[in-house]
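Taking my numbering, the leading residue of the sequence shown gets 49, the next gets one more, and so forth.
Notes follow once the structure below has been shown.
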Amino acid sequence: MFEEEYRREMSEMRLSKERTEKITELMTEVPVRKTRHAGRAVLAVALVCVALMGSALAMSPTLRDILAQTLGGFSSYAQVEEEVSVVDQGIEVKVVSAMADSTQIKIYAEVRDLTEDRLKDSNITLNGYNAIRHTTSGEFVASFSSNCLGYDPESRTALFEFVRNGTVPTEDLSDLTLAISGFQPGDVMFTSTDPLPIELLGPETLRSRTLETGELVLEPGQTPAELPGAEPFSLSSMGFAADGKLHFLFKLGAEADLKESHIILTVQSKSDQANGTDDHGMVYNSSDRNGGGILDVTFTLEGKNYVDIVYGAQPEDLSDLILSEVYGRAVLAEPITGNWVLPLELERLSELQMPLSGTVGSVSLKTLGISPLSVTMEGDTEDGRPAVFRYPLSV
């Protein structure tokens with residue numbers, strides 16, 4: 049409802065010819081590249097255009113191409129800058145490029161293993177506490193999302209993008225610090241290409257065992273099947289166990305972290321789908337284990353890792369069942385915990401600020417900001433707090 053009201057009210061806003069010409073001038077202007085003095089740990093706001101940098105970045109051709117493709121049309125804002133790097137736990141983090149306006153910060157960094165091959169591939173995420181802070185005061189500025197753009201196995205180097213999207217304008221971009229506390233290699237999100245093979249599911253009771261912790265699970269290896277697209281997992285057994293409930297037993301690779309790896313599927317009802325309801329689907333997906341409300345149990349047997357999942361379907365429901373694809377997360381490597389703190393000094397991109405009036409819902413509009421990086425509206429909420437809004441728009 050709020051978005052519909054926004055679209056209706058904002059559809060009446062029009063720009064004058066003078067404002068339109070000013071926007072065009074701002075967005076097509078190529079900034080002057082400034083020379084930085086050696087010895088300063090300064091990171092420019094403009095995105096680094098790798099094609100112009102030559103040997104300034106010790107990046108592999110693979111990562112250089114990835115960064116160039118990511119920057120795309122922002123190459124006109126390129127600037128060769130002194131690199132900022134720090135090493136901990138044998139992992140070097142080096143900032144190679146960044147850009148910022150009042151509400152968004154983008155930082156590109158190399159993450160390189162100097163001693164081993166712990167990063168392995170591009171399936172790397174951040175873990176622990178990560179933030180952008182003011183260096184001197186330690187005051188929190190923002191959290192950020194991260195994305196590993198690529199990995200070069202020859203140099204054992206990954207290229208990361210860190211993005212901060214703010215809901216409150218950042219007035220002071222000086223004296224900032226990028227703080228990272230950990231990396232998780234081998235962090236795989238997966239979805240199988242096909243649903244589970246329901247033809248392997250029969251009404252008979254499969255062999256079961258009770259774990260030392262008291263949970264009933266299926267014995268491994270009774271209906272084995274590969275799961276293309278979900279290769280960290282394979283199907284070991286699925287069927288009705290001695291408790292009369294539907295169980296699925298999946299095998300994980302020996303390197304998998306049982307506490308951090310998860311697999312999910314849904315068991316739905318044909319009749320309820322035909323009737324447009326989902327009552328049985330809810331029942332099939334809401335069973336517990338021994339009254340404890342625990343859906344899945346992980347365990348190790350004869351050196352192999354397993355997860356057993358139980359659902360509320362019973363043998364008489366067999367002809368009504370629909371099995372989904374399996375999806376989830378597999379953590380296949382040890383985390384790397386450390387302390388990487390990199391100084392940043394971001395200079396704000398040029399922004400055009402235009403006054404706005406009126407309200408959208410309960411928000412009193414103040415300004416429309418346009419920079420090469422983003423278009424945002426600023427306003428005040430009912431309690432007087434500043435807020436930043438991003439909505440779909442067209443020109």
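All C-beta atoms, glycine included, are put in the ideal place defined by N, C-alpha and C.
With residue i as the anchor, note down where its beta strand (DSSP E) starts and where it stops.
i	result
residue 424	423 to 428
residue 285	281 to 288
residue 307	Premise fails: residue 307 is in no beta strand (DSSP E) and is neither H nor E.
residue 403	400 to 403
residue 246	Note, residue 246: premise wrong, no beta strand (DSSP E); not H, not E.
residue 375	375 to 379
residue 136	132 to 136
residue 418	411 to 418
residue 145	139 to 148
residue 221	From DSSP, residue 221 is part of no beta strand (DSSP E); its letter is neither H nor E.
Classify residue i as buried or exposed, calling it buried when 16 or more other Cβ atoms lie within 10 Å of its own Cβ.
i	result
residue 432	exposed
residue 160	buried
residue 171	buried
residue 429	exposed
residue 307	exposed
residue 345	buried
If residue i and residue j are in contact, beta carbons under 8 angstroms, what's the gap, nearest whole angstrom?
i	j	result
residue 148	residue 227	With a Cβ gap of about 17 angstroms, residue 148 and residue 227 do not count as contacting.
residue 284	residue 269	6 angstroms
residue 168	residue 158	About 16 angstroms separates the two Cβ atoms, so there is no contact after all.
residue 118	residue 209	7 angstroms
residue 156	residue 221	Actually they do not touch by this definition, with Cβ atoms about 17 angstroms apart.
residue 146	residue 394	6 angstroms
residue 1	residue 225	There is no way to answer for residue 1, as the model of the chain reaches only from 49 to 443.
residue 249	residue 277	With a Cβ gap of about 20 angstroms, residue 249 and residue 277 do not count as contacting.
Could you say which of the options lies nearest to residue i if we only look at CA atoms?
i	options	result
residue 402	254, 117, 413, 282	413
residue 237	265, 258, 253, 281	281
residue 254	155, 140, 292	292
residue 486	385, 394, 415, 397	This structure cannot settle anything about residue 486, because the visible part of the chain is limited to 49 through 443.
residue 363	294, 183, 263	294
residue 379	361, 353, 111, 399	353
residue 320	169, 307, 349, 367	367
residue 223	188, 359, 430	188
residue 212	144, 151, 306, 246	151
residue 264	299, 358, 175	358
residue 389	194, 164, 182	182
residue 407	308, 400, 396, 425	425
residue 258	252, 231, 289	289
residue 275	250, 242, 145, 234	242
residue 377	262, 427, 272, 279	279
residue 247	267, 273, 230, 396	273
residue 304	207, 350, 252, 234	234
residue 271	245, 332, 419	245
residue 229	144, 356, 174	174
residue 347	154, 262, 410, 251	262
residue 154	131, 423, 192	192
residue 251	361, 231, 356, 205	361
residue 267	144, 318, 356	356
For the alpha helix (DSSP H) holding residue i, just list the boundary residues, first then last.
i	result
residue 112	109 to 119
residue 323	318 to 323
task = Pair every Cβ in the segment 367 to 377 with every Cβ in the segment 301 to 317, then say whether three or more of these pairs are closer than 8 angstroms.
result = Cβ pair count under 8 angstroms is three or more, so yes.
task = Count the CB pairs spanning the segment 191 to 208 and the segment 106 to 116 that are closer than 8 angstroms, and state whether there are at least three.
result = These segments touch.
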